[in-house]
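First up is the structure itself, then whatever we jot down about it.
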Amino acid sequence: MTNNDLLRRLRYALNLNGVTMTEIFALAGYEIGPAEALKFLKKEEEQGFVACDDAVMGYFLDGLIVYRRGRQGQPTADGLAAAEALTNNLILRKLRIALELNDEAMIEILKLAGVVISKSQLSAMFRSVEHRNYKQCGDQFLRNFIRGLTLGQKQPQKNNNNP
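Position 86 of the sequence shown, counted from 1, bears residue number 85 in numbering that gives the first Met the number 0, the numbering being contiguous throughout.
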């Protein structure tokens, strides 16, 4: 899955507009205008398409964490560390942090997308690459997680006041 596709899916799942996206980028120290941000959301065959590289996607994910949770500790404008490759596992971890999800919440989100996974299988994706139980997060798994997020956001909320 390309970073542009991921950005499009996250924008839809989290119901973000262009201005909010520029605020998220700015929180990570990446200044971009709303028109420029929308170019990342275009499909490859559309005119004005701009490829979103790993560094830009890293800025967005870091900014999303600050946007959703607030700044923790010292402010940094480093974005994605140069030594840190942007993998699906890292994307999943950053989304988990930004959305303040625990294992049970992630399992429920995945269940909405039709994916059944155990707690130990999920935790294997958050382990160090060197760990013997590490499991790589595939594109399809990440797609299903974002699909579950979208379905969870679009479902009507249950009203506990009415019987």
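Ideal placement from N, C-alpha and C gives every residue a C-beta, glycine not left out.
Residue i classed as buried or exposed, judged by whether at least 16 other C-beta atoms fall within 10 angstroms
i      : result
ASN163 : The question about residue 163 has no answer, for the chain in this structure spans 0 to 162.
ARG131 : exposed
THR1   : exposed
ASN14  : exposed
ALA50  : exposed
Contact under 8 Å by Cβ, residue i with residue j
i     : j      : result
ALA27 : GLY62  : yes
LEU89 : ILE106 : no
LEU60 : LYS93  : yes
ARG68 : GLU99  : yes
LEU5  : MET56  : yes
ALA97 : ILE64  : yes
Element boundaries [alpha helix (DSSP H), containing residue i]
i      : result
LEU91  : 87–97
ALA123 : 118–123
TYR105 : The sequence given here has Met at residue 105, not Tyr. 102–111 is the span of the alpha helix (DSSP H), which, as asked, contains MET105.
Contact test: residue i Cβ vs the ligand PLP heavy atom, cutoff 7 Å
i     : result
PHE39 : This structure lacks the ligand PLP, and indeed carries no ligand of any kind.
Quick one: complete alpha helix (DSSP H) runs, 4+ long, within the segment 26–68? Qualifying alpha helix (DSSP H) stretches, in chain order: 33–40, 53–68.
Counting Cβ pairs closer than 8 Å, one from the segment 3–21 and one from the segment 29–44, do we hit at least three? Judged by Cβ distances under 8 Å, the segment 3–21 makes contact with the segment 29–44, as three or more pairs qualify.
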